[in-house]
Each structure stands twice: as structure tokens, then as C-alpha cells.
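Asks: Below is a structure I'd like to ask you about.
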């Protein structure tokens, strides 16, 4: 996601035109976190915010 899309898609309310950006709506835990209690919530909190720090080996967003 480029910087403009990150700024606009991850704010509230979002401004995420489908013709310009791919904006994930949900994240799930993968790898070592998959199936652990609270892991999906961790991924949503870590990944779906401005300036996110989304661990690619632990979370998948779509």
C-alpha cells in the first residue's frame, strides 16, 4: 500500500477508492500465532492502523 492509500484508507472514516487502492478490511493470525487466543485481534490491532507494524510472518490481511 502506498503512502497516500495508507493515510486515507486507515483513517476514520476511511477514504479508500477501490480504483486507486487495495485496502485490507480484516487480518488473521498465521504461522506460530495461528489458532492462539487473541491472535487475530493482535493482527487487526497491529496491521489495520496508520503507521502499522504488521508482522508478515504472523499476520495476513485481506
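Numbering (the working numbering), first residue to last: 87 to 148.
We treat Cβ as the ideally placed atom computed from N, Cα and C, and that holds for glycine.
Please name the residue, chosen from 131, 113, 115, 88, that lies closest to residue 102 on a Cα-to-Cα basis.
Replies: Here residue 102 corresponds to residue number 16 of the chain shown, with the count starting at 1. Answer by Cα proximity: 88.
Asks: Three-state secondary structure (DSSP) at residue 115?
Replies: As a working mapping, residue 115 is identified with position 29 in the chain shown. Note: residue 115 maps to strand in three-state DSSP.
Asks: Tell me residue 146's beta-bridge partners as DSSP assigns them.
Replies: Position 60 of the chain shown holds residue 146. The partner list for residue 146 (beta bridge, DSSP) reads 114.
Asks: May I ask which residues mark the beginning and end of the alpha helix (DSSP H) holding residue 131?
Replies: Along the chain shown, one-based indexing puts residue 131 at 45. Residue 131 -> alpha helix (DSSP H) spans 125 to 133.
Asks: CB residue 134 to CB residue 107, shorter than 8 Å?
Replies: For the purposes of this step, residue 134 is taken as the residue at position 48 of the chain shown. For the purposes of this step, residue 107 is taken as the residue at position 21 of the chain shown. Result no, Cβ atoms of residue 134 and residue 107 do not sit closer than 8 Å.
Asks: Quick check: what's the CA-CA separation for residue 91 versus residue 131?
Replies: What you label residue 91 is simply residue 5 of the chain shown in a count that begins at 1. What you label residue 131 is simply residue 45 of the chain shown in a count that begins at 1. Residue 91 and residue 131: Cα-Cα distance of roughly 18 Å.
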